[in-house]
Structures are given as C-alpha cells and as structure tokens.
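**Q** Per the working numbering, residue 10 is the first one in the sequence shown, and the count goes up by one each step.
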Amino acid sequence: MDVFNHFERLWITRDYQQLLKQTMLDFKKDSLDKTALIFGEVNITTYGQDINGVIYNEQLGFIRK
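Rendered as structure tokens:
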C-alpha cells in the first residue's frame, strides 16, 4: 500500500485559508485574523508525545503528566 494514499484516508484534506475566507463572509467579520481567532483550530504537531509535560489523548484531551 502506498504510504501517501494511506495518509489521505486517515486525514481530511482541506484548505484552511479558504474555509476562513468563507466563514468571514458567512458571519460578516471584517478581518481574516479576527475570524481565525474566533473560529480557529488546535493543531497538534506530535500526537501522543510528551510536550512540556502535556500529552494529547483523543478521549481525554490534554493531560498533564
């Protein structure tokens, strides 16, 4: 199995910039930065690894070690 195809099946690929622009229009917000703050998302770069004493778990969220 091709690793790239496996990755595509696991993660939803989307254009976050475009989603912000559409949200800005839908909610009549005046700036892209403000829209990003209100409708932002949390990105975890390392899944399940200890980051400054905190790990992320899908069921429990952020957990302090």
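Using N, Cα and C, we set each Cβ at its ideal position, and we do this for glycine too.
All figures in this text were calculated on a predicted structure; none of them were measured in a lab.
#1: Let me check one thing: in DSSP terms, what residues is Asn66 bridge-paired to?
#2: Check for me: the alpha helix (DSSP H) holding Lys79 runs from which residue to which?
#3: Rounded to whole angstroms, what is the Cα-Cα separation between Phe36 and Lys43?
#4: Whole angstroms are fine: how far does the CA of Phe71 sit from the CA of Gly62?
**A** Here's the rundown:
#1: Gly70
#2: Not covered by the structure: residue 79. The range shown for the chain is 10 to 74.
#3: 11 Å
#4: 10 Å
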